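Below: the structure, in structure tokens.
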Amino acid sequence: MKSLSLFAFLCAISVHSVVSTSTAYPSIPGVDPGDCSLAGGDSVLVPPRREVYDDGRIFDITHRYVPEMPVWNSKEGLGHFLWLAKSMKNGSRANNSVMKLDVHTGTHVDAPGHFYDNYFDAGFDVDSLDLRVLNGLALLVDVPRDKNITAEVMKSLNIPRGVSRVLFRTLNTDRRLMFKKEFDTSYVGFKEDGAKWLVENTDIKLVGVDYLSAAAYDHSVPSHLVFLESRCGFWYSLWHWISFWCFQQE
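When you number the sequence shown by my numbering, it's gap-free, plus one each residue, and the end is 288.
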């Protein structure tokens with residue numbers, strides 16, 4: 039069996055205490071995950087930027103939005119997305135920011151209607167997803183670094199029955215693609231046969247991958263259709279490199 043690591047994310051309790059930064063858990067560049075101070079020196083305020091809480095009991099696995107964040111099929115990255123519409127320095131009673139970006143940017147969840155127009159018309163949006171599926175213990179697996187996630191790869195991972203959440207770490211993490219502004223079509227993702235094998239042969243309800251799409255670029259539509267047919271959604275680019283698929287509970 040491939041090496042599998044069980045860990046807790048969000049509000050789940052982990053089996054062991056873990057360090058805040060490792061090859062398996064890359065930190066945001068320029069952010070000290072251990073900095074919990076509210077002030078630096080006697081007068082300079084420093085906001086806390088934490089990713090791991092309570093010695094690994096809670097993980098913040100969301101991406102920080104920055105102008106250099108990659109977006110789908112773009113060389114320019116996210117760009118300017120946040121501005122201060124009202125400022126106390128300019129006489130306003132309070133500071134008020136405005137944000138504009140695509141709903142599929144960075145850490146996000148796809149609604150069932152993303153690739154099924156009848157689901158979209160019927161109102162299957164993110165509010166229709168089961169939060170119990172999106173929270174809890176998950177299994178972390180290493181995918182062979184020279185392959186997309188095919189049926190053959192899924193078989194080789196030997197994921198046990200009864201496991202409902204799996205996070206797939208691929209070459210995307212090694213290449214740190216989520217920290218490169220230009221979108222890269224060579225990212226690793228699920229081929230259609232890999233998606234079908236997972237749905238038909240495992241008990242997995244939630245899958246995480248490490249780039250902007252769970253589907254390989256050349257299988258974007260067919261793999262999405264396999265996963266979203268059950269009217270559930272999936273998360274993209276969590277834990278700095280992981281996204282989640284969520285399947286309909288029986």
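Yeah, the Cβ is synthetic: ideal placement off N, Cα and C, and Gly gets one too. A quick note: this is a predicted structure, and the numbers were derived from the prediction, not measured.
Beta-bridge analysis with DSSP links V191 to no other residue. Boundaries of the alpha helix (DSSP H) harbouring V237: E230 to N239, taken from the DSSP string.
Straight through space, the alpha carbons of V191 and N128 are spaced by roughly 58 Å. Under the three-pair Cβ rule at 8 Å, the stretch 236 to 246 does not count as touching the stretch 220 to 227. In its chain, beyond the 5 residues on either side, F119 and L120 have a beta carbon closer than 7 Å to the beta carbon of M137.
Distance from the CA atom of A123 to the CA atom of S130, rounded to whole angstroms, is 10 Å.
Y91 counts as exposed, since fewer than 16 other C-beta atoms from the protein chains shown sit within 10 angstroms of its C-beta. Counting C-beta atoms within 10 angstroms of its own C-beta, A252 has 16 or more neighbours from the protein chains shown and is therefore classed as buried. Counting along the chain, no beta strand (DSSP E) covers L169, and no H or E run does either. If you look at V181, you'll find it isn't in any alpha helix (DSSP H); DSSP assigns it neither H nor E. Distances from the CA of V179 to each of L205, S166 and L139 were compared; the closest alpha carbon is that of L205.
As summarised for the stretch 244 to 270, the continuous beta strand (DSSP E) elements at least 3 residues long and confined to that stretch are 244 to 247, given in chain order. K229 is a Cβ neighbour of I187, given a cutoff of 8 Å. Only exposed fits A132, as fewer than 16 other CB atoms lie within 10 angstroms of its CB.
When the Cα atoms are used, G94 and T100 turn out to be separated by approximately 15 Å. For the 8 Å CB-CB criterion, H152 and L266 form a contact.
Nearest to E238 by alpha-carbon distance, out of M126, Y255, K193 and E114, is K193. Counting along the chain, F206 sits inside no alpha helix (DSSP H); it lies in the beta strand (DSSP E) bounded by residues R203 to R207. Check the Cα spacing between L215 and each of N134, R170, G144 and I96: the tightest is with G144. As computed with DSSP, S135 is found in a beta bridge with L122.
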